[in-house]
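According to the working numbering, the residues represented by the sequence shown are 34 to 376, in order.
Here a beta-carbon is modelled for each residue, glycine too, at the ideal position from N, C-alpha and C.
Since this is a predicted model, take the numbers as computed values, not measurements.
To start, the structure under review is shown below, and the notes come after it.
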Amino acid sequence: MKVRSFLKLAVAAAALASSVVGFAQTAYKPEYKMSLVVGTAFPWGKGGEIWADMVRQRTQGRINIKLYPGVSLVQGDQTREFSAIRQGVIDMAIGSTINWSPQVKELNLFSLPFLMPDYAAMDALTQGEVGKQVFNIIDKAGVMPLAWGENGYREITNSKLALRKPEDLKGLKIRVVGSPLFLETFTALGANPTQMSWADAQPALASGAVDGQENPMSIFTAAKLHTVGQKHVTMWGYVADPLIFVVNKEVWASWTPSDQAIVRQAAIDAGKEEIGIARKGLAEAGKPLLKDIAALGVTITELTTAERDAFVKATRPVYEKWKNTVGVDMVNTAEQAIAARKK
Ligand code: X2X
C-alpha cells in the first residue's frame, strides 16, 4: 500500500473510532491549571503538590500540572471556584465542600453544626454511601469527582476572650465563608457574622475589623493567625470540611482511558496522604499540635461535654432547617452512618 492511501485509511479509521466513542480525544495541553485556596505550606496545598507530582511521574510528563493557590484563577473569590471548573477556566482543583456549597447545596451537609463528632464520623460519611451520593451529585453538576481529602475540624478563634458558652459569642464579629448556613449558625449563637473570602479575612483580622474566625488548626498555624490577634482558640469541633479532588469534564474526556486511570489513582493516593498530614498532631492522643499552639501564647480552651452540648442546643434549629435544604434522605443516611461508625 502506498503511504498516502495508508494515511487516508488511518484517518478514516480514527474518525470512525471517535464517532463510535462520541467525541474525539483532543490534544493534551502543555500545562493543566490546578486551583487551590492555600499553598504548599498548608496540608491542602501540599496535597495538590503531591497529586501533581504523582501524575507527572506516572504519565512520564504527558500530564503536567501547575498549582494556582489563592484561588487566583477566580481572583481570590473561592465561592466562584466550582463554576469556573465547570466552565473550564480551571482544569482541575482540590476544593473545600464549603466553597462549592453555593452551587451544590447538598455539600452543606458537612457544615451542619455538630453533625460529625469525630474523625471516624467524617470517614463514615466520605468513605461510605454518603460519599458516593455526593460524588454522583458533583458529577451531575458537571464536574468529575475523583477522591476525598480534608481541610479539617473548624475551631473557633478570637482576639477577645476564652469562649466557653454561647453567650460568650454575643456581639463578636466573626468572619465566615461560603454558604448562608454559616451566617445562620453564628447568628443563632448571638455573634455578628460577616462573610468574606480567605484573602480578605487575614487583613480584616489584623486591623481588628473582625474579632474572630473559624478554621482548622492546620490553617491557624500555617497562616500564623496568632500574629493577627487570634489569642483564643476554643476546640468545639462544630463542623469539618472535606476536600474533593476534581477535574473539568472536557479535560477529562481529552485524556486516554489509561491516563484517566492514572490521574484518578494518583488523586486517591494523594488524598490519603493529605488526610494524614491534615490530622497530624490532632488525631493522636493528647493532640500534640495544641501544645505547639499554646507555646505561641495562645489560650486553648477544651470544652466539657456539658459545655459543648450548650452549643449543640443553641444551633439545633439551624440544623433542623438546613436538613431540608441539604435533603432529608441524605441527612438521615448520614446520621445513620455516623451512629453505626467504628470508633
Ligand atoms: O476560607 C477559609 O476559611 C478556608 C481556607 O478554610 C476555605 O477555603 C474553606
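Minimum C-alpha distance to Ala343 - residue among Trp133, Leu196, Gly103:
Leu196
Is any heavy atom in the ligand ADP found nearer than 6 Å to the beta carbon of Ile131?
In the structure on display, the ligand ADP does not appear, and the ligands it does have are the ligand X2X.
Euclidean distance between Cα positions of Val345 and Phe147
6 Å
Using 6 Å as the cut-off, classify the Cβ of Trp231 as near or not near the heavy atoms of the ligand X2X, replying yes or no.
Because some heavy atom of the ligand X2X lies under 6 Å away, the Cβ of Trp231 counts as near it: yes.
By how many angstroms is the C-alpha of Asn281 removed from the C-alpha of Asn169?
15 Å
For Ala294, count the other beta carbons within 10 Å of its own beta carbon; 16 or more makes it buried, fewer makes it exposed. Which is it?
exposed
Rounded to the nearest angstrom, what separates Asp292 and Gln90 at their Cα positions?
Approximately 12 Å, taken between the alpha carbons.
According to DSSP, is Tyr352 part of a helix, a strand, or is it coil?
helix
Neighbourhood of Met87 by C-beta, 7 Å cutoff - its chain only, sequence neighbours within 5 removed
Ala299, Asp302, Ala303
Under 7 Å, Cβ to Cβ, is there at least one residue of chain D near Gln246?
No chain D is part of this structure, which consists of one protein chain only.
Quick one: give me the first and last residue of the beta strand (DSSP E) that Glu335 is part of.
332-335
Which two residues bound the contiguous alpha helix (DSSP H) that contains Lys138?
Premise fails: Lys138 is in no alpha helix (DSSP H) and is neither H nor E.
Note down, in chain order, each residue of its chain lying with its Cβ closer than 6 Å to the Cβ of Glu340, except the 5 sequence neighbours on either side.
Arg197
Rounding to the nearest angstrom, what Cα-Cα distance links Asp325 and Gly270 in this structure?
Near 19 Å, if we compare the C-alpha coordinates of Gly270 and Asp325.
Beta-carbon proximity of Pro63 to Ala311, cut-off 7 Å
no
Considering only heavy atoms of the ligand X2X, does any lie closer than 6 Å to the CB of Gln228?
no
Completely contained alpha helix (DSSP H) runs for the stretch 253-320, where each covers 4 or more residues:
282-287, 290-312
Cutoff 7 Å; reference Ile131; Cβ partners in own chain excluding five residues on either side:
Ser144, Val210, Gly211, Ser212, Asp274
Own chain residues within Cβ distance below 6 Å of Ala224, not counting five before or after
Exclusion of the five residues before and after Ala224 leaves Leu202, Leu205, Ile207 as the residues of its chain whose Cβ lies within less than 6 Å of its Cβ.
Around the C-beta of Arg432, are 16 or more other C-beta atoms found within 10 angstroms, so that it is buried, or is it exposed?
Missing from the structure shown is residue 432; the chain here goes from 34 to 376 and no further.
What does a CB cutoff of less than 6 Å around Thr218 pick up in its chain, not counting 5 residues either side in sequence?
Pro146, Thr348, Val351
Under the three-state DSSP convention, the category Gly164 falls into
helix
Could you name the residues that DSSP lists as bridge partners for Pro178?
In the DSSP output, where bridge partners are listed per residue, Pro178 has Val279.
Which runs of the alpha helix (DSSP H) spanning at least 4 residues fall entirely within the stretch 198-241, listed in chain order?
Taking only runs of at least 4 residues, the alpha helix (DSSP H) segments lying wholly in the stretch 198-241 are 213-221, 231-240.
Tell me Thr190's beta-bridge partners as DSSP assigns them.
Gln246, Val266
From which residue to which residue does the beta strand (DSSP E) around Gly128 run?
125-129
Determine the burial state of Lys165: buried for a count of at least 16 other Cβ atoms within 10 Å of its Cβ, exposed for fewer.
exposed
Check this for me: beta carbons of Thr190 and Gly245, under 7 Å apart or not?
yes
When you compare the CB positions of Glu82 and Thr366, do they come within less than 7 Å of one another, or not?
no
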